[in-house]
Amino acid sequence: MRIVIIRTGGFAGIERRAELDTCGRPDATHLEALAHKALAPGREPLHPRGVPDGFHYEITVDGRSVHLADPHLTPEQRELIRTVLKEGA
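With our numbering applied, the sequence shown closes on residue 89, and no number is skipped along the way.
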């Protein structure tokens, strides 16, 4: 499973992008479960509103995307974002 995270916004407005492929990873099952929960219907508001200078995220999993904004993230979404931005290429 290929997971892509794009983070925009923040005080500096700098975009950050990272990709992570779960194939062959020892934590693949956990990451894939987080990705499925992040994309679950009803998790995404129609027009996500964040806070001033907050981050906005686009999470894409195998071609399916959701748009999210701080501080309206679930714990699963936060963990997935943190992992992909830290370890992704």
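A virtual CB, placed ideally from N, CA and C, is assigned to each residue, including glycine.
Please read all numbers here as calculations on a predicted model, not as lab measurements.
Member of the options whose CA lies at the smallest distance from the CA of residue i
i: residue 69; options: 8, 1 and 61; result: 8
i: residue 65; options: 35, 20 and 25; result: 35
i: residue 11; options: 54, 78 and 63; result: 54
i: residue 17; options: 26, 52, 25 and 56; result: 56
i: residue 50; options: 26, 82 and 67; result: 67
i: residue 61; options: 26, 40 and 24; result: 40
Short Cβ contact (7 Å threshold) for residue i with residue j
i: residue 38; j: residue 85; result: no
i: residue 88; j: residue 20; result: yes
i: residue 59; j: residue 5; result: yes
Same chain, Cβ closer than 7 Å to residue i, neighbours up to 5 away in sequence not counted
i: residue 76; result: 34, 37 and 38
i: residue 52; result: none
Same chain only: Cβ atoms within 6 Å of residue i, ignoring 5 sequence neighbours per side
i: residue 22; result: 1, 28, 31 and 32
i: residue 3; result: 20, 35, 61 and 84
Beta-bridge pairing of residue i - partner residues as DSSP gives them
i: residue 60; result: 4 and 65
heavy atom of the ligand NAP below 6 Å from residue i C-beta
i: residue 37; result: For the structure depicted, the ligand NAP is absent and the ligand set is empty, with no information on it obtainable.
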